[in-house]
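Participant: Sharing a structure with you now.
Protein chains: 2
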Amino acid sequence: MSDHGNAAGHGQWGPPYLLYLGTAADDLAIKTARGLAYWRPDWCVGQHRHPSCQFTLGLPELGFAEAKAAGADTMVVGNANAGGVMSPETVTDVVAALDAGLNVVAGLHQKLRDNPDIVAAARRNGRTLFDAREPVGQIPVGNGRKRAGRRLLTVGTDCSVGKMYTTLALERSMRKRGIKADFRATGQTGIFVAGGGIPIDSVIADFISGAAELISPAREDGGWDLIEGQGSLFHPSYAGVSLGLLHGSQPDALVYCHEPKRSCMRGLPGFPQPDIKTCLDANLAAARLTNPAVKAVGVALNTSKLTEREALVMCREISGRLELPCLDPVSMGVEAIVDNLLACCAN
Amino acid sequence: MSDHGNAAGHGQWGPPYLLYLGTAADDLAIKTARGLAYWRPDWCVGQHRHPSCQFTLGLPELGFAEAKAAGADTMVVGNANAGGVMSPETVTDVVAALDAGLNVVAGLHQKLRDNPDIVAAARRNGRTLFDAREPVGQIPVGNGRKRAGRRLLTVGTDCSVGKMYTTLALERSMRKRGIKADFRATGQTGIFVAGGGIPIDSVIADFISGAAELISPAREDGGWDLIEGQGSLFHPSYAGVSLGLLHGSQPDALVYCHEPKRSCMRGLPGFPQPDIKTCLDANLAAARLTNPAVKAVGVALNTSKLTEREALVMCREISGRLELPCLDPVSMGVEAIVDNLLACCAN
């Protein structure tokens, strides 16, 4: 568990978690909660839904006081609607959770601590509020100096192509093999999963690479930091974030993430997806600035919109073309990528 | 004068200026003050230095009360160290300036109004504080959509290689020729000089390209926006800012700025300067994402550490190698670059 960045809140908030689903109307809206339930099942004591909510994570259905009695420390407001705005129901529920003695953390654009009712409830109950998307202070300017330890960063063609999932799957696989490996979070869901991290897209622009250096500090135990990538060098809205993260991470290894069925860059009709090789080469070229020894070690393909046969054919084609293992982490696992990582970065 | 960003403060502060040099230990540290003294000499009544400061702008040396008596309205804290932190001496001097009746503006990361002593002094004297690096609210996410108007962006090998100077020199030259051209400020000095702009390195990381789109909005009058570049794609601390600015600016033309005598990237011993052609090509490649028609139109060389003969030889060599006009804007002017810009971007 990291002691960095917004984990400033850590110690004041943390697992065990109650996952708040609210009135979530579609699967995407519970992405954060689903990520937690999937990757950290031992930390999740239950879920709380409105009667209208059609979705479930299959966890015990708990009221706020019940959750507290069951050992929950913190409620995670894991549902996000368009714009990241809090509904009146959510505000009422957050206040009730605070009154029941839970801390509350959220990753919405609208901040918990910008709501006076929520702030008052936290104060009267001595509870902690934590906004995972809050801009973070006290981050140094990146210095680019080589630091001890080994690092892998996930990069990709676009936003939302599976970078967090892939990074966590690599962590799970490496830990099963007895390798020290720690997921380093750079986004809201990842921060709840890791219990710490820095929302890299929310720092002041001058400090992006400095934040990345802080997320993954020097480590001397021979283990790996597996850093959650963000955005894409070819996304006109967010490429600056991706480049600063790439420089600050100083990755020894890159894993490239791609969703083959997407026609344009996320949110930007008219901007086609770049070619995989072009984009991977651009990432390698930029990464060499702070780590000339960087290598690509695998491709993680999101094949959820392909048939099983199509997926296999495409993985084989990309693997041959890039001379890297290529697989879908969900349906095929990441063992071949870990094998290649260990072979490439043996020393 | 732009109506964007931090020019909000204008009207409560402004010229005539007292330029504060403090304990500046190297020439680069007084960049802001030097820029103002050069581009707006009529606005600068004097300078104030610590006894330890070895540098001067050649302006009258004034105490705070003397400056006030000489007509100064506002003291500009123009010295910046790495990270933009205020020294205790600076805090003491800012308080004394406020007590003498001056307003104070600064472009440090550490905000004037985060210091209780400074805030108290401003209040008791009824003076205005203005932080030019304040993160700016209400910036949209960049959308990459083509907008009307023609744009030139200065880029470069490193930070502090003359991008602002070059951009302002281009503005001056183009205006003399009767061409509509407006300097668009992205940094603290530029904002003081232009009376408006957005400090691009101080916006939240997700909004860098959005801020660049806002700095240079659609224009229909056939004129040029000349956008002040920042940082370098090859600077491990700040490249994310440079990339977001490049994407959001959608430049039709790039002017490349370079200081040939620098051995390493600013503030980072051990990081050599990239080759000019490599760096220019990387900028062109990245710029094509939002403007496939982008062209390099010239190279601006800072030859202040060369003899006149060395400067001429080097300009000729670079000009031949890159097939672009190459000159020192200070000693040779920028006419050849403007000629080439107009030839390249006639339509």
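Line by line, the protein sequences are chains A and B. Be aware that the first sequence starts at 1, since it is given in this note's numbering, and climbs by one per residue. Be aware that the second sequence starts at 1, since it is given in this note's numbering, and climbs by one per residue. All C-beta atoms in this analysis are idealised placements derived from N, C-alpha and C, irrespective of residue type, glycine included. Note that this is a predicted model, so its numbers are computed, not measured.
(1) With Thr348 (chain A) as the anchor, note down where its alpha helix (DSSP H) starts and where it stops.
(2) At what residue ranges does the stretch 173 to 207 of chain A contain a whole run of the beta strand (DSSP E), taking only runs of 3 or more?
(3) Residues in the stretch 284 to 295 of chain B with C-beta within 7 Å of chain A's C-beta atoms, listed in sequence order?
(4) Spell out whether any CB of chain B is found under 7 Å from the CB atom of Ile139 (chain A).
(5) Check whether the stretch 203 to 218 of chain B and the stretch 170 to 187 of chain A are in contact - that is, three or more C-beta pairs closer than 8 Å.
(6) For Asn302 (chain B), go through chain A and note every residue whose CB falls closer than 8 Å to its CB, in chain order.
(7) Identify the contact partners of Val241 (chain A) in chain B, using a Cβ-Cβ distance below 7 Å as the criterion.
(8) Quick check on Leu102 (chain A): does DSSP put it in helix, strand or coil?
(9) Between Leu268 (chain A) and chain B, is there a C-beta pair that is closer than 7 Å?
(10) Contact check, Gly244 (chain B) vs Ile208 (chain B) under 8 Å by CB: the rounded distance?
(11) Within the 7 Å Cβ cut-off, does His258 (chain B) reach chain A?
(12) Can you pull out the residues from the stretch 224 to 255 of chain B whose beta carbon lies closer than 7 Å to at least one beta carbon of chain A?
(13) Flag Gly142 (chain B) as yes if its beta-carbon sits less than 7 Å from any beta-carbon of chain A, otherwise no.
(14) So Trp43 (chain A) packs on Pro16 (chain A), CB below 8 Å; how close in whole Å?
(15) Mind listing the chain B neighbours of Phe271 (chain A)? Cutoff is C-beta to C-beta under 7 Å, in chain order.
(16) List the endpoints of the continuous beta strand (DSSP E) containing Ile227 (chain A).
(17) Quick one: residues in its chain with C-beta nearer than 8 Å to the C-beta of Leu289 (chain B), no 5 flanking neighbours on either side, listed in chain order?
(18) Does the distance from the CB of Ser237 (chain B) to the CB of Gly229 (chain A) come in under 7 Å?
(19) Please classify Asp73 (chain A) as buried or exposed, where buried requires at least 16 neighbouring CB atoms within 10 angstroms.
(20) To the nearest angstrom, report how far apart Gly240 (chain A) and Gly231 (chain A) are at their CA atoms.
(21) Which residues share a DSSP beta bridge with Glu61 (chain A)?
(22) Reducing DSSP to helix, strand and coil, say where Val334 (chain A) ends up.
(23) Pairs of beta-carbons, one from the stretch 180 to 189 of chain A and one from the stretch 276 to 285 of chain A, closer than 8 Å: are there three or more?
(24) Counting only beta-carbon separations shorter than 7 Å, does Asp281 (chain A) have a partner in chain B?
(25) Is Cys345 (chain B) closer than 7 Å to Ala253 (chain B) when the C-beta atoms are compared?
(26) Shortest alpha-carbon distance to Leu21 (chain B) belongs to which of B:Gln12, B:Leu36, B:Gly14?
(27) What residues in the stretch 7 to 36 of chain B have a beta carbon less than 8 Å from any beta carbon of chain A?
(28) Have a look at Asp328 (chain A) and Ile276 (chain B) and give me their C-alpha separation to the nearest angstrom.
(29) Is DSSP giving Pro260 (chain A) helix, strand or coil here?
(30) Since Ser348 (chain A) meets chain B, which of its residues come closer than 8 Å, beta carbon to beta carbon?
(31) What residues in its chain sit with their C-beta under 7 Å from that of Cys159 (chain B), if we drop five residues either side in the sequence?
(32) If we count the other Cβ atoms within 10 Å of its Cβ and call it buried at 16 or more, is Arg151 (chain B) buried or exposed?
(33) Does the Cβ of Glu213 (chain B) have 16 or more other Cβ atoms within 10 Å, making it buried, or fewer, making it exposed?
(34) Does Ser263 (chain B) get closer than 7 Å to chain A when you measure Cβ to Cβ?
(35) In the DSSP output, what is Ala296 (chain A) paired with across the bridge?
(36) According to DSSP, simplified to helix, strand and coil, what is Leu342 (chain A)?
Facilitator: Straight from the coordinates:
(1) As displayed, chain A neither begins before 1 nor continues past 347, which places residue 348 (chain A) out of reach and without an answer.
(2) 181 to 184
(3) Leu289, Thr290
(4) no
(5) no
(6) Within chain A, no residue comes near Asn302 (chain B); the closest Cβ sits about 22 Å away, beyond 8 Å.
(7) Ala205, Asp206, Gly240
(8) coil
(9) yes
(10) 3 Å
(11) no
(12) Phe234, Pro236, Ser237, Tyr238, Ala239, Gly240, Val241, Leu243, Gly244, His247
(13) yes
(14) 6 Å
(15) Gly144
(16) 224 to 227
(17) Gly144, His247
(18) no
(19) buried
(20) 9 Å
(21) A:Gln47
(22) coil
(23) no
(24) no
(25) yes
(26) B:Leu36
(27) none
(28) 40 Å
(29) coil
(30) Lying outside 1 to 347, the shown extent of chain A, residue 348 (chain A) is not represented and no answer is given.
(31) Gly231, Ser232, His235, Tyr238, Arg266
(32) buried
(33) buried
(34) no
(35) A:Leu254
(36) helix
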